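Please read the structure below before turning to the comments.
There are 2 protein chains.
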Amino acid sequence: MPESPARDASRLTIADVAKAAGVSRTTVSHALNDRGQVDPRTRERVKQVAAQLGYRPNLRAQRLRTGRANSIALVSSMPISVAGGPSRLGFMMEVAGSAMEAALKQGLALVLVPPLEAADTLLDELDIDGAVVIEPAAEDRNVAQLQRRGVQVVSIGRQPEGDEALPYIDLQGHETGRILLQHLAEQGAGQIALLIGTQPRHSYIDMERAYRAFAEARGMPVVIARADEAGGETAGQAACRALLEQHPAIDGICAPVDAFAVGVVRQVQAQGLRVPEDIKVVTRYDGLRAQSCQPALTAVNLHLDEISTLAIDLLFEHINGRVRRRVVVGPSPSLVARASSVNPAGN
Amino acid sequence: MPESPARDASRLTIADVAKAAGVSRTTVSHALNDRGQVDPRTRERVKQVAAQLGYRPNLRAQRLRTGRANSIALVSSMPISVAGGPSRLGFMMEVAGSAMEAALKQGLALVLVPPLEAADTLLDELDIDGAVVIEPAAEDRNVAQLQRRGVQVVSIGRQPEGDEALPYIDLQGHETGRILLQHLAEQGAGQIALLIGTQPRHSYIDMERAYRAFAEARGMPVVIARADEAGGETAGQAACRALLEQHPAIDGICAPVDAFAVGVVRQVQAQGLRVPEDIKVVTRYDGLRAQSCQPALTAVNLHLDEISTLAIDLLFEHINGRVRRRVVVGPSPSLVARASSVNPAGN
Numbered sequence: 258m259p260e261s262p263a264r265d266a267s268r269l270t271i272a273d274v275a276k277a278a279g280v281s282r283t284t285v286s287h288a289l290n291d292r293g294q295v296d297p298r299t300r301e302r303v304k305q306v307a308a309q310l311g312y313r314p315n316l317r318a319q320r321l322r323t324g325r326a327n328s329i330a331l332v333s334s335m336p337i338s339v340a341g342g343p344s345r346l347g348f349m350m351e352v353a354g355s356a357m358e359a360a361l362k363q364g365l366a367l368v369l370v371p372p373l374e375a376a377d378t379l380l381d382e383l384d385i386d387g388a389v390v391i392e393p394a395a396e397d398r399n400v401a402q403l404q405r406r407g408v409q410v411v412s413i414g415r416q417p418e419g420d421e422a423l424p425y426i427d428l429q430g431h432e433t434g435r436i437l438l439q440h441l442a443e444q445g446a447g448q449i450a451l452l453i454g455t456q457p458r459h460s461y462i463d464m465e466r467a468y469r470a471f472a473e474a475r476g477m478p479v480v481i482a483r484a485d486e487a488g489g490e491t492a493g494q495a496a497c498r499a500l501l502e503q504h505p506a507i508d509g510i511c512a513p514v515d516a517f518a519v520g521v522v523r524q525v526q527a528q529g530l531r532v533p534e535d536i537k538v539v540t541r542y543d544g545l546r547a548q549s550c551q552p553a554l555t556a557v558n559l560h561l562d563e564i565s566t567l568a569i570d571l572l573f574e575h576i577n578g579r580v581r582r583r584v585v586v587g588p589s590p591s592l593v594a595r596a597s598s599v600n601p602a603g604n
Numbered sequence: 258m259p260e261s262p263a264r265d266a267s268r269l270t271i272a273d274v275a276k277a278a279g280v281s282r283t284t285v286s287h288a289l290n291d292r293g294q295v296d297p298r299t300r301e302r303v304k305q306v307a308a309q310l311g312y313r314p315n316l317r318a319q320r321l322r323t324g325r326a327n328s329i330a331l332v333s334s335m336p337i338s339v340a341g342g343p344s345r346l347g348f349m350m351e352v353a354g355s356a357m358e359a360a361l362k363q364g365l366a367l368v369l370v371p372p373l374e375a376a377d378t379l380l381d382e383l384d385i386d387g388a389v390v391i392e393p394a395a396e397d398r399n400v401a402q403l404q405r406r407g408v409q410v411v412s413i414g415r416q417p418e419g420d421e422a423l424p425y426i427d428l429q430g431h432e433t434g435r436i437l438l439q440h441l442a443e444q445g446a447g448q449i450a451l452l453i454g455t456q457p458r459h460s461y462i463d464m465e466r467a468y469r470a471f472a473e474a475r476g477m478p479v480v481i482a483r484a485d486e487a488g489g490e491t492a493g494q495a496a497c498r499a500l501l502e503q504h505p506a507i508d509g510i511c512a513p514v515d516a517f518a519v520g521v522v523r524q525v526q527a528q529g530l531r532v533p534e535d536i537k538v539v540t541r542y543d544g545l546r547a548q549s550c551q552p553a554l555t556a557v558n559l560h561l562d563e564i565s566t567l568a569i570d571l572l573f574e575h576i577n578g579r580v581r582r583r584v585v586v587g588p589s590p591s592l593v594a595r596a597s598s599v600n601p602a603g604n
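Chains as they are written, first to last, in my numbering: chain H, 258 to 604; chain A, 258 to 604.
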């Protein structure tokens, strides 16, 4: 018969509950997990007895049995100098906010893996069923490490790699490039340069393709500069200095990495030129860094809340589902025009 | 002797490695985990054999043995109508960004638990060593649930409760109130009202205490309104309407919940009054909601990055340490003055 709540409930086993309820261990297990064929009244009684005893299942033993962690990881491989700064991991944390809600709807916990070298160990030890990687580079270390462990991975943004691409949410990077460049042209920029990172990421590749198509269609000379992402704003500033030295006619710069764009604005102003009157600047991610720049940066709304939810659902599908899509096209990016590229009234 | 890498490496056990390396299982375990007395050459050889076989330790079995999850949770119990909105969980995600880095330094993964009812199940099932709860209310459901499970909890901001308070990072809520009220007075507000939430949270309690002390020192009438946090901006707006009806002489409103403050600005403007000329408005958390409000809201820099790191370190101390502090005083809050309360030049 049920005793009073045990003091050390964690030591109680399923056998104790079975004994107290006068049923088999299997019946207890089925009743508590709402599985199997158990008479509803018996199920109720077992649950009551378990509650009275203060029995709690041993989660770790359960996991060992089911092989499920019910956790997924969110991983960013963007260096902290780009991911951090005033936006303090803005892109990743914006994704994380929506992703944790979407994960919860699937009964999954969301584990954050920061873009730091020390995270290597964590990636090896995390008890997870899957991972969402944000905009991985080709031959991304984190992706490789997770795949070695047999962890299911999907990415936000295509991983630029040959055949065996990860399932991914298409961020429509080409369209992002197109609307930014078209906006610059509409505002009067005729000599637009592109400043991207050195890593092989989909966003740079798509952006470059959009830029080349745009330049060709308008007979505009192609001017592409690259900077090391790890250098952050400083690298963007240095790249801008070189660009303006070599191509003094430039009147528009598209710098999809927000840290680079802030460096560009700083350099343009340091040279005594005005943004946007002399040089118009646009970036991609509409985070705090873009919004707090002086002048505020024109950017793109990537609809990261929807993107995050799509990514979690795609991952869940690959962990559990029978239907497994390879590519899910996200919502179309939309322009957020700001003072860094919009001509002041009267000009 | 070592074979070629096994296809299904997950089936390999420590016994397979022991056999291949010609040593005992204990030696393999010690060698792979860098524990115990193992000859350095043997250790190296065992590691090599394990790598060649493609052996990976069974994490879940290991956890069952060590009793450690090496994961901690970050939990917010603020309703989504306050935590969400334009700032999209701003406060929580700002804490999360720094907390995940601090956790990583301690070798811990950070799991996010969103402020949603469905998270109840997650809180029962998460395999975690501890949790940081953001500004819990008295008798907070999440805290109670975690404590029932025996999970170590620390809080950011004191949990207002009798004797058995959680270890916490002191957010200096009284000081936050003091600097906001003093600022309003300096800008010329003489009849300041306080608008806080209905839940018993430290931030409201400290703010109310600061407000009462301030009012008493200046002989200012005490006008305190409360709104339901779950009502978000709409609740703030309704509370402001009632406030202005009953106290038409009010020329300053301190609304520490940012959603309420946005509602206040909306209501003041809807009544044809001007912010800040007629009524000055200030809030507490300097997030996207405060920054994107029209006019932008005066707020307080709570130094959440440092606060988050202190919280993770305090939690780690309570999970592992011999010294266990109950209270850690965080950095002092500092004013971020903006257009919602600063008189335009020339006034």
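Virtual Cβ for every residue (Gly too), placed ideally from N, Cα, C.
Owing to the predicted nature of the structure, the values given are computational and were not obtained by experimental measurement.
Give the residues of chain A in contact with residue i, contact being defined as C-beta atoms less than 7 Å apart.
i: Pro371/H; result: Met357, Glu358, Leu361
Tell me which same chain residues have a C-beta within less than 7 Å of the C-beta of residue i, skipping the five on either side of it?
i: Ala307/A; result: Val274, Leu289
i: Arg302/H; result: Ala278
i: Val479/H; result: Arg469, Ala472
Just to check my reading of the structure: residue i and residue j have Cβ atoms closer than 8 Å, yes? What is that Cβ distance to the nearest angstrom?
i: Ser460/H; j: Pro513/H; result: 6 Å
i: Val332/H; j: Val390/H; result: 5 Å
i: Glu486/A; j: Thr455/A; result: 7 Å
i: Glu563/A; j: Pro588/A; result: 5 Å
i: Arg595/A; j: Leu561/A; result: Their Cβ separation, rounded to whole angstroms, is 18 Å, which puts Arg595/A and Leu561/A out of contact at 8 Å.
i: Ser328/H; j: Val352/A; result: Incorrect: roughly 20 Å between the Cβ atoms, too far for contact.
i: Ala388/H; j: Ala330/H; result: 4 Å
How would you list, in chain order, the residues of chain H whose beta-carbon sits under 9 Å from the beta-carbon of residue i?
i: Asn327/A; result: Leu379, Glu382, Leu383, Asp384
i: Arg458/A; result: Neighbours of Arg458/A on chain H: none; closest Cβ ~21 Å, over 9 Å.
If I measure Cβ to Cβ from residue i and keep anything under 6 Å in the same chain, skipping five residues before and after, which residues do I get?
i: Val585/H; result: Ile426, Leu567, Leu571
i: Ile507/A; result: Gln448, Ala450
i: Tyr542/H; result: Phe348, Asp515
i: Asn600/H; result: Gln444
i: Met357/A; result: Leu367
Using a cut-off of 7 Å between C-beta atoms, extract the partners of residue i located in chain H.
i: Met350/A; result: Met350, Ala353, Gly354
Suppose the cutoff is 8 Å on Cβ atoms and the five residues either side in sequence are ignored; what does the same chain contact list for residue i look like?
i: Ile436/H; result: Val557, Pro590, Ser591, Leu592
i: Met477/H; result: Gly447, Gln448, Ile449, Phe471
i: Pro343/H; result: Model confidence at Pro343/H stands at a pLDDT of 49, short of 50, so the residue's coordinates are unreliable and nothing is read from them.
i: Ala272/A; result: Arg282
i: Arg531/H; result: Val525
i: Pro393/A; result: Ser334, Asn399, Val400, Ser412, Gly414, Gln416, Leu423, Arg458
i: Leu441/A; result: Ile449, Gly509, Cys511, Lys537, Val539, Ser598
i: Lys304/H; result: Ala288, Leu289
i: Ala499/H; result: Ala482
Name the chain H residues that come within less than 8 Å of residue i, Cβ to Cβ?
i: Ala375/A; result: Leu361, Lys362
i: Arg406/A; result: Arg313
Which of the three DSSP states, helix, strand or coil, is assigned to residue i?
i: Asn399/H; result: helix
i: Asp427/H; result: strand
i: Pro343/H; result: Residue placement at Pro343/H is flagged as unreliable, the pLDDT there being 49, under the threshold of 50; a coordinate-derived value is accordingly withheld.
i: Ser460/H; result: helix
i: Gly587/H; result: coil
i: Gly509/H; result: strand
i: Leu567/A; result: helix
i: Gly493/H; result: helix
i: Asn600/H; result: coil
i: Gly520/A; result: helix
i: Gln404/A; result: helix
i: Gly387/A; result: strand
i: Thr284/H; result: helix
i: Tyr542/H; result: strand
i: Ser549/A; result: helix
i: Asn327/A; result: coil
i: Thr455/H; result: coil
Counting only Cβ pairs nearer than 8 Å, list the residues of chain A close to residue i.
i: Leu367/H; result: Val368, Leu369
Okay, do the region 361 to 370 of chain H and the region 366 to 382 of chain A touch, 3+ Cβ pairs below 8 Å being the bar? yes
Three or more C-beta pairs under 8 Å: does that hold for the region 572 to 580 of chain H against the region 400 to 407 of chain H? no
Three or more C-beta pairs below 8 Å linking the region 461 to 469 of chain H and the region 494 to 507 of chain H: no
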